[in-house]
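In full-length UniProt numbering, the protein residues as written are 1 to 441. Just so you know, even glycine gets a beta-carbon here, dropped at the ideal spot from N, CA and C. In what follows, a structure is listed as structure tokens, so that the remarks can point back to it.
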Ligand code: PLP
């Protein structure tokens, strides 16, 4: 590091931080300077237990040697190769490796750089797929309330977050939303809730309103993460699959959070036994080390494009950094690490322990709901009157001071630790959160 570069600079003005309360942060910065396995090191030298796998992405924990080494070697060997009309072996190897662990039928991989790009790519593929088949009237896209599909215009349009409409106004036209799946009768359910499969019938209502022949795709997170860990009721995803199939509508699962072992299977599609037509993923694909996302698609979709003269570009879409060699090297080393350590199924064996630990917070002050599945969980707090989000944000700040990293969205605390977490570390994470909830009350 050059001598004039300090690890924690004093002048914080220039950096406009994403999805951050900039003024609050800059008045009391929470700076991370190093990481290893389950821990971050804060600028003041404290060890912080990572209860969120970074941003739901460092599934194998931090600074894992295989991944670090693969990236270091790749930078010195082939730093970049044009993504268009040229190839490099790692991109093909990685696509095969992803298909190997993906649900049966997901046979093709299109690379992006993020989850947002994966979502917009999947939506574009859906529109172009119908056109390629002569079904150009299918332009309508259906999302769900409280869905988070990243920050591209496609993603915020099908996403169901009111702040996006407040901040950015009218989004894509021709988009509808199904109701979210968070029902009061399911509070404090352990695992998948019983009530609410019938919410999928709303899709039939939307189909009846617009006509199936106008609808291109339905996109949902099989388990909604970013808007507060909202579970699919038993039977709900199966119904969505049946209705979309019946009407020739493509079903897209946004697995940016659930992909790569979060629920105890490589993908949530396998966990729930429901296979969509496309899956979007990112985050855990490279263990968060290098930006990368992907869209997985069936052979039926891919083959629909492989028509016409061979020199013609079949899908008019791609990014300069689609499948760049360093991302591919990181992803292959990540998949190796997951395989060696059994991480893609480890959440299944820890699920009961995690569940009992997190539900142990039920009687703590202001807790109004707890939800869990695999190695993900949420603790919902009663909002302070007139100050939505304030209670959970204060807990987040105090938790960091107490040495644990959690995440909050509104008044919901979400946790999704790296899949290498030990039972003792689960106790420490939940125990510390419990103490913070008590002292903050
Ligand atoms: N889709 C889902 C379900 C997500 O949870 C996220 C990010 O949290 C995204 C898309 C966007 O991913 P990115 O931030 O990599 O663009």
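Measure the Cβ-Cβ separation of residue i and residue j and say whether it is below 8 Å.
i, j, result
"residue 49", "residue 429", "yes"
"residue 375", "residue 433", "no"
"residue 372", "residue 57", "no"
"residue 175", "residue 152", "no"
"residue 67", "residue 334", "yes"
"residue 276", "residue 251", "yes"
"residue 224", "residue 146", "yes"
"residue 408", "residue 392", "yes"
"residue 232", "residue 272", "yes"
"residue 47", "residue 431", "no"
"residue 200", "residue 247", "no"
"residue 122", "residue 306", "no"
"residue 285", "residue 331", "yes"
"residue 197", "residue 234", "yes"
"residue 222", "residue 344", "no"
"residue 241", "residue 347", "no"
"residue 14", "residue 31", "no"
"residue 424", "residue 398", "no"
"residue 438", "residue 359", "no"
"residue 114", "residue 291", "yes"
"residue 144", "residue 220", "yes"
"residue 140", "residue 210", "yes"
"residue 311", "residue 124", "no"
"residue 406", "residue 396", "yes"
Give the single residue among the options whose Cα lies nearest to the Cα of residue i.
i, options, result
"residue 253", "140, 281, 234", "281"
"residue 85", "172, 99, 322, 186", "322"
"residue 203", "239, 170, 172", "239"
"residue 137", "147, 126, 146", "126"
"residue 289", "20, 47, 54", "54"
"residue 377", "257, 144, 198, 101", "257"
"residue 293", "116, 416, 35, 353", "116"
"residue 142", "72, 71, 218", "218"
"residue 255", "397, 148, 437, 404", "148"
"residue 329", "95, 272, 402", "95"
"residue 63", "93, 82, 80, 37", "37"
"residue 356", "427, 164, 59, 121", "427"
"residue 34", "10, 19, 61, 27", "61"
"residue 82", "284, 319, 363, 264", "319"
"residue 361", "347, 177, 435", "435"
"residue 298", "87, 13, 129", "129"
"residue 187", "406, 18, 398, 368", "368"
"residue 191", "366, 274, 370", "370"
"residue 178", "161, 171, 194", "161"
"residue 181", "194, 170, 172", "194"
"residue 422", "25, 20, 51", "51"
"residue 189", "388, 380, 401", "380"
"residue 135", "214, 336, 18", "214"
Identify whether residue i lies in helix, strand or coil by the three-state DSSP scheme.
i, result
"residue 390", "helix"
"residue 114", "coil"
"residue 39", "strand"
"residue 1", "Reliability of the predicted coordinates at residue 1 is poor, the pLDDT of 47 falling under 50, and the value obtained from them is presented with this limitation in mind. Looking at residue 1 - three-state DSSP - the assignment turns out to be coil, as it is neither helix nor strand."
"residue 430", "helix"
"residue 140", "strand"
"residue 51", "coil"
"residue 145", "coil"
"residue 380", "strand"
"residue 125", "helix"
"residue 259", "coil"
"residue 176", "strand"
"residue 287", "coil"
"residue 46", "coil"
"residue 247", "coil"
"residue 293", "strand"
"residue 435", "helix"
"residue 25", "helix"
"residue 102", "coil"
"residue 440", "helix"
"residue 92", "helix"
Between residue i and the ligand ZN, is the CB less than 7 Å from at least one heavy atom?
i, result
"residue 282", "Because the ligand ZN does not appear in the structure shown, any question about it cannot be addressed here, the ligands present being the ligand PLP."
Any beta-carbon of chain C closer than 8 Å to the one on residue i?
i, result
"residue 147", "Structure shown: chain C not included; a single protein chain is present."
Sufficient close CB pairs (3 or more, under 8 Å) joining the region 290 to 303 to the region 102 to 113 | yes
Counting Cβ pairs, one atom from each stretch, are 3 or more of them under 8 Å apart for the region 408 to 416 and the region 215 to 233?
-> yes
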